[in-house]
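Here's the structure we're looking at; comments come further down.
Number of protein chains: 4
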Amino acid sequence: MKIALLGAGRIGRVHARAISDHPLAQLACVSDAFPEAANSLAAEYGVPVMTAEDIFASAEIDGVLIASSTPTHCDFLERAARAGKAVLCEKPIDLDLARTRHCLGVLAEHPVTCALGFNRRHDPQFSALKQALEAGRIGELEMITITSRDPEPPPAEYVAASGGLFRDMSIHDLDMAVWLLGEPVTEVTVSGSCLVDPAIGEAGDLDSALINLKSASGKLVSISNSRRACYGYDQRIEVFGSQGMLEARNETDTRLRFTGVEGVVEERPQWFFLERYAQAYVREVGDFVTAWQEGRAPLAGAQDGLAALELAEAALISYREGRRVLLSEIR
Amino acid sequence: MKIALLGAGRIGRVHARAISDHPLAQLACVSDAFPEAANSLAAEYGVPVMTAEDIFASAEIDGVLIASSTPTHCDFLERAARAGKAVLCEKPIDLDLARTRHCLGVLAEHPVTCALGFNRRHDPQFSALKQALEAGRIGELEMITITSRDPEPPPAEYVAASGGLFRDMSIHDLDMAVWLLGEPVTEVTVSGSCLVDPAIGEAGDLDSALINLKSASGKLVSISNSRRACYGYDQRIEVFGSQGMLEARNETDTRLRFTGVEGVVEERPQWFFLERYAQAYVREVGDFVTAWQEGRAPLAGAQDGLAALELAEAALISYREGRRVLLSEIR
Amino acid sequence: MKIALLGAGRIGRVHARAISDHPLAQLACVSDAFPEAANSLAAEYGVPVMTAEDIFASAEIDGVLIASSTPTHCDFLERAARAGKAVLCEKPIDLDLARTRHCLGVLAEHPVTCALGFNRRHDPQFSALKQALEAGRIGELEMITITSRDPEPPPAEYVAASGGLFRDMSIHDLDMAVWLLGEPVTEVTVSGSCLVDPAIGEAGDLDSALINLKSASGKLVSISNSRRACYGYDQRIEVFGSQGMLEARNETDTRLRFTGVEGVVEERPQWFFLERYAQAYVREVGDFVTAWQEGRAPLAGAQDGLAALELAEAALISYREGRRVLLSEIR
Amino acid sequence: MKIALLGAGRIGRVHARAISDHPLAQLACVSDAFPEAANSLAAEYGVPVMTAEDIFASAEIDGVLIASSTPTHCDFLERAARAGKAVLCEKPIDLDLARTRHCLGVLAEHPVTCALGFNRRHDPQFSALKQALEAGRIGELEMITITSRDPEPPPAEYVAASGGLFRDMSIHDLDMAVWLLGEPVTEVTVSGSCLVDPAIGEAGDLDSALINLKSASGKLVSISNSRRACYGYDQRIEVFGSQGMLEARNETDTRLRFTGVEGVVEERPQWFFLERYAQAYVREVGDFVTAWQEGRAPLAGAQDGLAALELAEAALISYREGRRVLLSEIR
C-alpha cells in the first residue's frame, strides 16, 4: 500500500516511521506547506516531495495520511474521498460542528477507507481492557472513570487556536468513553475551573474539568481532566461492573524499584503522548493498512470524530450554562 | 471518663469495646429500647443497664455515646447538652435539615464537648493523607477523587427509611471532601442512575451516582458511589495538586501475594466498614476522650454534620432537577 | 490464667500488655533482677513485685512468662516445669547445645505446657502463608527464600554476648524454614562476610550471610541475612512450588502512595520487630493461654528451639570450614 | 555493516529481524546446515544463501552472527577471527573449558570485534539497574539476589546435550552476577536437587539449585534456579547495599489489573525469553554494530563467556563434592 504523507511536523514524522516499518506499506512521498520540513523528512526516507494536487491526481498512490494543521483536514479528507483514496486523518476532523457534518456528507457520497486518529483505541493496554470488557470479565458495565492529565499546559497562543479544553483535549477521553460504553451517550454534565494557569482563563478557556456522561441505559462516566500533572502524562481508565473492576494503569519506562530511607520508589509515568502511545501509533497505521486491504471499517472512523465533537460541544454548553445537556439538543 | 452507652446494637458493641479498652475511659452503663440487647451487652462488660432518664440525671456520668436509631439522635443530643454531658453521636444528627438546625441551636446554647461519628476522619490512612496535604506534599490542592462503594446493596426496607443514597451513604464522602478541601463547597452537580437493584429505584432512590463539587476557590471534587461492589468495600481517595498526587488505597487483611497460571493475585479489599474502619472506631473514641479532657473541639462535630447534610440536600436537588445547585440556595 | 512475668525489660513490657489485654489472662506479678524495672512495671499494672522463688512456690500462679536475660532461661524453664507451671519462654532456650538438651530432658520428665517465643510463627501474614501452603495453593513445595535484615547493627558488646549471627539472628529464619518445610533439614551450606561493621568482624562474628538448607526430600531453602538495612526491618518470605509461588511482603504503617517528579513513592517497611510483629506478640500470648486451657501443644515449643539451635550450630561449622554440614553430624 | 547470519533456527530468525531493522546494518546472507531453513529465511529477507566457506572468504561481508548449534561455535569464531570479520556469537563459546580457552587464544592472536550473546546485559531494566548501581544509588553493594526460573523443563534429550543446568541455564545468571559485581568471584558454594522432573535426574543432571558466590571483597550473591515455573519466565534481580535496595521485576504484556471476588489480579510474567528479552535482542545487535563502528569492545565479549563457564564449572564441582570451591582451583 503506497501512502502519501500530508504534513511533515512532529506527528507526521511518527507516522512516517510507522508506515516505513510496516511490511505491507510504503511511504510514497511527503507534502508540507513548509518546503523545508517536507524536504528534510523526504530526504530521510529517500522519497520525493510532492504537492497535494499531484498526490490526489496520482494513480500510483493508494492512500493518504493527513497530519497537517487542523484547518486543512476537511479539505484534504474531501479531496481524498473524491479521488478514491484511502485516508487516515489526525483528529479532529474540524473544530466546527457544521463543517464536520458537511465533510461527513462528502465522505458518505464517496465511500473510501477512512480512519480517524483516535490513537488511544490502539493502545495495547486499553485494547486489552476493551476485549476483557466485551468478554464479560466485569459482568454488566456500570461506571467508567477516566483520568487524563497532560504533563504541562500548552502556551496561551496554542490554547486560543485549539478550540478549548473540551474540543482539544477531552475529545480523546470522550471518544474513549463512547467506545467503551458501546452505546450512545444521552446526557453531559460538567464542572470546571481554571486552576493551573491564569493565562488560560484569560484566553476564555478552562484547564481543569470533571465531565460526567450518562448513556442510554443509565451507565455513568466520570472524566477528570487537567492541563498539568508535574509527574507526567496521567492516563488511567477504570471500568466497574456487576462482577468486578478493570484498571488500565500508567506505563513506565522500566519496572525498576528502589527502596531506601525515603520509601519504596517506582518510576513516574512516561512523560507525554509520544512515549506513552508509541505502540499505539504503530498499531494505528497497521489497522489502517489492514482495513484497506480487507475492505472493512478501521477501528475509528469519521463518524466517531463527529460523535466525540458533539459531546465536546455539549460539555461546553453544560459548563457555560451550569446544567445537564441532553445530546438530543445537539444532534 | 465515665461514659454511658445509648444503643446496644452492632455499632454500639463496637463502641463499647473501644470505651472499655481505653486506659482513661470506663463504660458506665448501657441503655437500649430493647431490654434484651441492653442486658446482654451490659452483662458482657459487667455494667448496669440504665434508662436514658437516669443516665441524663446521674451526676456520675461524664459523657454519653449515642448509638441508638437515627430518629432518637436529636432528642438525646439535646438532653445531653442540657445535662452538661459530653456527647459522641453516631451520624447523622437527623435526616431533616430543619430538625438538624434546631438541634444545633440547642447545642449552641448549652456548649458541651460534642463529637459526631464521621468515623473516616479517624482512619489512619486518611489521617496521614490529610496531614501530608496540610504539610504541602502536593503543593496547591486542585482536585479530589473519592471512590466509595459498598459491598452489597441494603434491603429495600432499609433504603426507604435511610433518607436515600445521598443522606445515608454519600454523606460520609461529602464530609471527607469538605474536610480535605479545608474551605466551603459552593456548587454541587450530580449524575445518577439505578443500575444495581431495581427495587431501590422502585423505592424512589438511586444506587449509582457521580457527585461533583466545586469549592469557593474553584477546587473540584468527584465522588463516585455505588451500592454494590462484588469485591468488597471500595474506599479510595486521590488528591491531586500542583506538586503531585496522593492516593489512599484499599486495605487488605494481609499482604500475601500468589503467582500462578491465572496471574499475580493479591487479596481483595476488606469486606465492609467494621473491618475497614476497625482502627478508626478506636481512635474516634480516643479523640472524644482527649477532647473532653483538654476542653478542645473533637475532630468532627455537630456543625460538620449539618454541612454534610446540606451538601446531600443539594445533591438530591441537582439529581432531580438536572442542574448545578449553589449552596447559597440551601443555606 | 494467672501469669507471672519474669523480666521487666523492653520485651517483658510488650508481654505484660498482651497478658493484661487478654480476656482470659491476668498479669499476676512481676519479677526482675533490677528492682527498679520490676517496681515500675508492677506499678503500671497495679500488681505486686515478687521474687522468682515465691513465684515458683505460689499455688496461685498458673504460668510464667520468661523474658529475662538469656543465661537465666534454662534455670527458670526447669524450675517452672518442676513446679508444674505452664511456661512461655523467650528464645533462645540457651546458646549452648548441651545445656539446651539437658533442659529438654528436664522438661520431658516434668511435662507442662511449654511455649517458645518464636514470635514470627504468630505473624498474621506468615500464618496465612503457612495455611495456604498446607492447603496446597502452590502444589508441591520446592524452594523457600527468606530475606531477613535488621535495620541497624547491634553494638559490638551485644554481639559478643549474643552467640553470633547464626544463634542470635538467623535462628528465627531457621525456625521459620523448618516450620514451613514440615520436614527435617538434612544439610546446611553457608557463605558469609563482614560487610556492615568491621567491629563485628573484630568481635569474631559476621554480619552478612547466605544460608542454604536442604531437607530430607530435597527441598531447598535460601536465607539471606544482614545486620543492617537502611530502609527498615526487611522481613520477606517466598515459597515456590509446582503450582505457583506465594510471597509474604513487608508491612508498612499505611498504604498511602505519593506520585511526584521523583516517582511513585510508597512507605518504607516498618522499622523493627516491635512494630512489625506487634500483632504476633499478642497472638503468641493468646496461643499460650489457649494451649494451656485445651491441654494441647503451643504453636512453637522447646523442641523447636533445639532444632533451630542445631541448625545454627551447623551453619557456624559450615561457615568456618567451608563445607556442606550434615545435620547427622550435629544430632 | 553487512552481516552474514550463520544459523537459521529460532534464535537466528530473531537476529535476522534485528539486523534487518537496524538503520546501519544489513543482512547480507544466510547459512545453515539445513538447506531448507536457510532457504526459507533467506527468501523472507530477499538475501542469498551462502556456505560458511564463501562467507568467510567474501570481501563484502563485515561481520558474522553465529546462531548455529553449540558445537560449531568455536570453529566459526576462530574462522571469523582469522578472516578479520567482526563476530557476534550466541553463548556458550563451548561447553568444554579447555576448548573455550583455546578459542580465546586464537581470538587474542587475531583481534576482531567480538561480542558474546549474553542477551540479558542488554535488557532495558537490567541495564537501568546496572546504571543506578554505578551511580551509587544503593551506596556500597553488599548482596545480589538473582531469581531465574524457566517456564518449563526442557526435554530429556536436550538436557543430555546441554552441558547440564549450570553450563546451560545458570550461566546467564553467573554472567549477570559478575557483571553487576564489577569484581572477580572467588568462591562458589552450591545446593541442588532434582525436584521438577525425575527424567532430568536420571540423565545425571539437577533441575533446582541455589548457587552462592563470594567476591574478592566479600560481597555475596545468591542465585536461585528452577527448570520450571508454572506462571512463566521468572527473571528478577535484587541488589542490596549500604544505602538501599534496587529490584528489577518481572515484565508483563500489559499493566491491566482486575479486581473481583477472587482478589486483585495482575498479569503473570511473560512466558519465555523470546517475549521477555525481545528488546534485549534488538539492543544486542545495536551494541554490536556500534562497537564495530567505534572500534570499542562490545558490552559482553569472549572473555566474559570464559569467566561464566569457569563459574559453572566450579558450581558443578561444589554440587558434586559438597564443598566451597575456590575459583583459584579452576583458573
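Top to bottom, those sequences are chains A, B, C and D.
Our numbering numbers the first residue of the first sequence as 1 and each following residue consecutively.
Our numbering numbers the first residue of the second sequence as 1001 and each following residue consecutively.
Our numbering numbers the first residue of the third sequence as 2001 and each following residue consecutively.
Our numbering numbers the first residue of the fourth sequence as 3001 and each following residue consecutively.
Glycine included, every Cβ here is placed at the ideal spot set by N, Cα and C.
A quick note: this is a predicted structure, and the numbers were derived from the prediction, not measured.
Original post:
Can you list, in chain order, the stretches of the alpha helix (DSSP H) that have 4 or more residues and sit fully within the stretch 1106–1174 of chain B?
Top reply: 1124–1134 and 1156–1162
**OP:** Answer yes or no: does any C-beta atom of chain C fall closer than 8 Å to that of Arg-268 of chain A?
**Re:** yes
Original post:
At least one CB of chain D closer than 8 Å to the CB of Met-1 of chain A: is that the case?
Top reply: no
**OP:** Within 10 angstroms of the Cβ of Tyr-3158 of chain D, are there 16 or more other Cβ atoms? Answer buried if so, exposed if not.
**Re:** exposed
Subject >> Contact check, Pro-1151 of chain B vs Trp-1271 of chain B, beta carbons under 8 Å >> reply: Trp-1271 of chain B sits close to Pro-1151 of chain B, with the two beta carbons spaced by under 8 Å.
**OP:** Could you please tell me which residues of the stretch 2249–2261 of chain C, in chain order, have their CB closer than 9 Å to any CB of chain A?
**Re:** Asn-2250, Thr-2252, Phe-2258, Thr-2259, Gly-2260 and Val-2261
Subject >> Continuous beta strand (DSSP E) assignments of at least 3 residues falling wholly in the stretch 28–111 of chain A >> reply: Uninterrupted beta strand (DSSP E) stretches at least 3 residues long and entirely within the stretch 28–111 of chain A occur at 63–66 and 86–89, given in chain order.
Original post:
Does the stretch 3237–3245 of chain D come within contact of the stretch 3129–3148 of chain D, defined as at least 3 CB pairs closer than 8 Å?
Top reply: yes
Original post:
Between Asp-3197 of chain D and Arg-3149 of chain D, what straight-line distance do the alpha-carbon atoms span, to the nearest angstrom?
Top reply: 14 Å
Subject >> Identity of the residue in B:Ala-1315, B:Asp-1304, B:Glu-1078 and B:Asp-1287 nearest Leu-1024 of chain B by Cα >> reply: Leu-1024 of chain B has its Cα closest to that of B:Asp-1287, out of B:Ala-1315, B:Asp-1304, B:Glu-1078 and B:Asp-1287.
**OP:** May I ask you to list, following chain order, the residues of the stretch 1221–1245 of chain B that have a beta carbon less than 8 Å from some beta carbon of chain C?
**Re:** So the list reads Gln-1243, Gly-1244 and Met-1245, given in the order they occur along the chain.
Subject >> Partner residues on chain C for Glu-3187 of chain D, Cβ-Cβ distance less than 9 Å >> reply: Ser-2191 and Gly-2322
**OP:** Taking 8 Å as the threshold, find out whether the stretch 3121–3130 of chain D comes into contact with the stretch 3172–3179 of chain D through three or more Cβ pairs.
**Re:** Between the stretch 3121–3130 of chain D and the stretch 3172–3179 of chain D there are three or more inter-stretch CB-CB distances shorter than 8 Å, so the stretches are counted as touching.
Subject >> Rounded Cβ spacing between Thr-1976 of chain C and Leu-2095 of chain C (contact assumed at less than 8 Å) >> reply: The requested residue 1976 of chain C does not occur in the structure, where chain C is confined to residues 2001 to 2331.
Original post:
Beta carbon of His-172 of chain A: closer than 7 Å to some heavy atom of the ligand PLP?
Top reply: Of the ligands one can find in the structure shown there are none, so the ligand PLP has no counterpart to examine.
Subject >> Buried versus exposed call for Arg-2296 of chain C [16 or more other C-beta atoms within 10 Å across all chains shown] >> reply: exposed
**OP:** Taking only the alpha-carbon atoms, compute the straight-line gap between Gln-2131 of chain C and Ser-1318 of chain B and give it to the nearest angstrom.
**Re:** 51 Å
**OP:** Let me know if Glu-2267 of chain C comes out buried or exposed under the rule of 16 or more other beta-carbons within 10 Å of its beta-carbon.
**Re:** buried
Original post:
Within the chosen definition, does the stretch 2006–2013 of chain C reach the stretch 2021–2036 of chain C through at least 3 CB pairs nearer than 8 Å?
Top reply: Of all C-beta pairs linking the stretch 2006–2013 of chain C to the stretch 2021–2036 of chain C, three or more are shorter than 8 Å, placing the two stretches in contact.
Subject >> Ser-306 of chain A versus Glu-251 of chain A - alpha carbon distance >> reply: Contrary to the premise, residue 306 of chain A reads as Leu rather than Ser in this sequence. When rounded, the distance between both Cα atoms is 29 Å.
Original post:
What residues of chain C sit near Val-265 of chain A, judged by a beta carbon separation below 9 Å?
Top reply: Glu-2262, Gly-2263, Val-2264, Val-2265 and Glu-2266
Original post:
Excluding sequence positions up to five away, which residues of its chain have a Cβ less than 6 Å from the Cβ of Gly-2117 of chain C?
Top reply: Glu-2090 and Lys-2091
Subject >> Burial state of Leu-3257 of chain D (16 or more Cβ within 10 Å) >> reply: The amino acid at residue 3257 of chain D is misidentified as Leu; the sequence shows Arg. Classification for Arg-3257 of chain D: buried.
Original post:
Exposed or buried, what is Ser-2328 of chain C when buried is set at 16 or more other beta-carbons lying within 10 Å of its beta-carbon?
Top reply: exposed
**OP:** May I ask you to verify whether the stretch 211–231 of chain A touches the stretch 1193–1213 of chain B, counting CB pairs closer than 8 Å and requiring at least 3?
**Re:** The way I'd put it, the stretch 211–231 of chain A does touch the stretch 1193–1213 of chain B; three or more beta-carbon pairs between them come closer than 8 Å.
Original post:
Excluding the five sequence neighbours on either side, which residues of its own chain have a C-beta within less than 6 Å of the C-beta of Gly-3204 of chain D, listed in chain order?
Top reply: Taken in chain order, the list of residues that qualify is empty.
Subject >> Meets three-Cβ-pair contact criterion under 8 Å: the stretch 1161–1170 of chain B and the stretch 1109–1116 of chain B >> reply: no
Original post:
To the nearest angstrom, how far is it from the Cα of Phe-76 of chain A to the Cα of Ile-66 of chain A?
Top reply: CA-CA distance, Phe-76 of chain A to Ile-66 of chain A, rounds to 7 Å.
Subject >> Local Cβ density within 10 Å of Ala-3042 of chain D, reported as buried at 16 or more and exposed below that >> reply: buried
Subject >> Met-3001 of chain D beta carbon less than 8 Å from that of Gly-3063 of chain D >> reply: Cβ distance < 8 Å, so Gly-3063 of chain D and Met-3001 of chain D count as in contact.
Subject >> Asn-3225 of chain D to Glu-134 of chain A span [Cα, whole Å] >> reply: 39 Å
Original post:
Measuring CA to CA, which of C:Ala-2052, C:Ile-2019, C:Gly-2263 and C:Gly-2201 is closest to Ile-1138 of chain B?
Top reply: C:Gly-2263
**OP:** Give me whichever residues DSSP pairs with Gln-1235 of chain B in a beta bridge.
**Re:** B:Ser-1148
Subject >> Chain-ordered neighbours of Lys-214 of chain A on chain G, where CB pairs are closer than 8 Å >> reply: Judged by its chain identifiers, the structure shown contains no chain G, and its protein chains are A, B, C and D.
**OP:** Report the residue from B:Tyr-1233, B:Glu-1313, B:Ala-1280 and B:Asn-1212 whose alpha carbon sits nearest the alpha carbon of Ala-1018 of chain B.
**Re:** B:Ala-1280
**OP:** Would you please verify whether the beta carbon of Gly-2301 of chain C is less than 8 Å from any beta carbon of chain D?
**Re:** No, because no Cβ of chain D sits closer than 8 Å to the Cβ of Gly-2301 of chain C.
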